[in-house]
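For the sequence shown, my numbering gives the first residue as 5, with consecutive numbering after it.
First the structure, in the form of structure tokens, and then the observations on it.
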Amino acid sequence: MAESLGISVQAFDKWGVEPVQKIGRESFYDVRSVVDNRLQHQSGKQQLGGDDIDPLAEAKLLQERLRLTKEQADAQAMRNEVKRRNLVPAEFMTFAISRLVNLIGSTLDTVHTKVKRKHPDIEPRHLEAVQREVAVTRNEAASLDQRLPEILDEFLSAMDDESG
5 MAESLGISVQ
15 AFDKWGVEPV
25 QKIGRESFYD
35 VRSVVDNRLQ
45 HQSGKQQLGG
55 DDIDPLAEAK
65 LLQERLRLTK
75 EQADAQAMRN
85 EVKRRNLVPA
95 EFMTFAISRL
105 VNLIGSTLDT
115 VHTKVKRKHP
125 DIEPRHLEAV
135 QREVAVTRNE
145 AASLDQRLPE
155 ILDEFLSAMD
165 DESG
């Protein structure tokens, strides 16, 4: 039988086909037992393969594609708003405020010397008081760019309170 199928007798043993009869070292198989074995093997393969595939996989895939498409559309809409100058990224605002703070800080550094030049008769203690207040203000302004995320959170919280 193995010879007529073009396979070796060992294949029947490997497949687990029960021999119809054994005479000495020879095993004899009939067509029915070989066909039953192969059909059983094939149906077991299909059941294993069927369990691995999620029946809702196609629906989940479609849902993920829709979500991705929506995210891409939202991202493009934001880029368009930035180009129209209706929307500004938070990173840019941090950068811009940092530059503005540096400009204000260097201007504040010169206040006491300008006051002294314009009013040479001003007492040194008054000038020192102005210089101290300017230093406090300059230090407050210098930390503004670092406090921006906290200020943004406060702003968003206030917006949530108004809408909710």
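Heads up, the beta-carbon is just placed ideally off N, CA and C, and yes, glycines get one too.
Small disclaimer: the values here were computed from a predicted structure and weren't measured.
Residue i versus residue j: straight-line alpha-carbon distance, rounded
| i | j | result |
| --- | --- | --- |
| D17 | L70 | 52 Å |
| P128 | S147 | 29 Å |
| E62 | E75 | 20 Å |
| S167 | L91 | 20 Å |
| K118 | V86 | 41 Å |
| G109 | K64 | 56 Å |
| D164 | T73 | 27 Å |
| Q126 | R136 | For the record, residue 126 in the displayed sequence is Ile; it is not Gln. Those two C-alpha atoms are separated by around 16 Å. |
Cut-off 6 Å between Cβ atoms - residues of its own chain near residue i, not counting five sequence neighbours on either side
| i | result |
| --- | --- |
| S102 | D149 |
| N41 | W19 and V21 |
| R142 | G109 and L112 |
Nearest candidate by alpha-carbon position, reference residue i, set the options
| i | options | result |
| --- | --- | --- |
| V39 | A63, S31, M5 and Q14 | M5 |
| L112 | E144, D165, F32 and P124 | E144 |
| E132 | H116, P124, N84 and R142 | H116 |
| A139 | T114, D125, P124 and K120 | T114 |
| D12 | G28, R89 and Y33 | What sits at residue 12 in the sequence shown is Ser, not Asp. Measuring from the Cα of S12, the nearest candidate turns out to be Y33. |
Proximity test, Cβ basis, 7 Å: residue i and chain D
| i | result |
| --- | --- |
| F99 | Among the chains in the structure shown there is no chain D, since it carries only a single protein chain. |
Spatial neighbours of residue i in its chain, beta-carbon cut-off 7 Å, leaving aside the 5 residues before and after
| i | result |
| --- | --- |
| K122 | none |
If you pair each beta-carbon of the region 93-112 with each one of the region 141-161, do three or more pairs fall below 8 Å?
Short answer: they touch.
Can you confirm whether the region 101-118 touches the region 158-166 when touching is taken to mean that 3 or more C-beta pairs between the two stretches lie within less than 8 Å?
Counting C-beta pairs with one atom in each stretch, the region 158-166 and the region 101-118 have fewer than three that are closer than 8 Å, which means they do not touch.
Spell out a yes or no on whether the region 29-47 and the region 57-67 are touching, meaning 3 or more CB-CB pairs, one atom from each, closer than 8 Å.
The answer is no - the region 57-67 does not touch the region 29-47, with fewer than three Cβ pairs under 8 Å.
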